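Some notes on the structure that comes next.
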């Protein structure tokens, strides 16, 4: 507001202002935009290397990658211990995202049997209760 006041005090409009409130609002907006631009010099920096150093890296770190690999191996081991039908139904529903009806038709099962088989498969997976379900 102080910047806007100083601008208004130093301005001498040549013609009469039709809407004084709108004129003051516009002066205040322009002053605010000028201040924002002045506080962001990094956007105008020519050296992109310095700019890139300030950007956050959102890729997973080594710890998260190792944990995910370990979880995946545990799921693979558990999947190998499942009966073939359980594996097929789980993969069809969770990986291929088929509907329960499509899986039931494909395997010649009722919807209730598909649900039961899926539940049994998920209960045998170590992370099935949170990540896969």
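Numbering (the working numbering), first residue to last: 6 to 138.
Built from N, CA and C at the ideal position, the CB exists for glycine as well.
Since this is a predicted model, take the numbers as computed values, not measurements.
Own chain partners of residue i with C-beta closer than 8 Å, once the 5 adjacent residues on each side are dropped
{"i": "residue 84", "result": "92, 95, 130"}
{"i": "residue 103", "result": "97, 111"}
{"i": "residue 88", "result": "none"}
Residue i classed as buried or exposed, judged by whether at least 16 other C-beta atoms fall within 10 angstroms
{"i": "residue 126", "result": "buried"}
{"i": "residue 122", "result": "buried"}
Three-state secondary structure (DSSP) of residue i
{"i": "residue 88", "result": "coil"}
{"i": "residue 42", "result": "helix"}
{"i": "residue 65", "result": "coil"}
{"i": "residue 100", "result": "helix"}
{"i": "residue 23", "result": "coil"}
{"i": "residue 80", "result": "helix"}
{"i": "residue 60", "result": "coil"}
Other residues of its chain near residue i: CB distance less than 7 Å, five sequence neighbours each side excluded
{"i": "residue 119", "result": "94, 105, 108, 109"}
{"i": "residue 115", "result": "109"}
{"i": "residue 81", "result": "none"}
Enclosing alpha helix (DSSP H) for residue i [first to last residue]
{"i": "residue 116", "result": "116-129"}
{"i": "residue 108", "result": "105-112"}
Sequence-distant residues of the same chain with beta carbon closer than 6 Å to residue i, five excluded per side
{"i": "residue 172", "result": "Here the chain covers residues 6 to 138 and nothing more, so residue 172 does not appear."}
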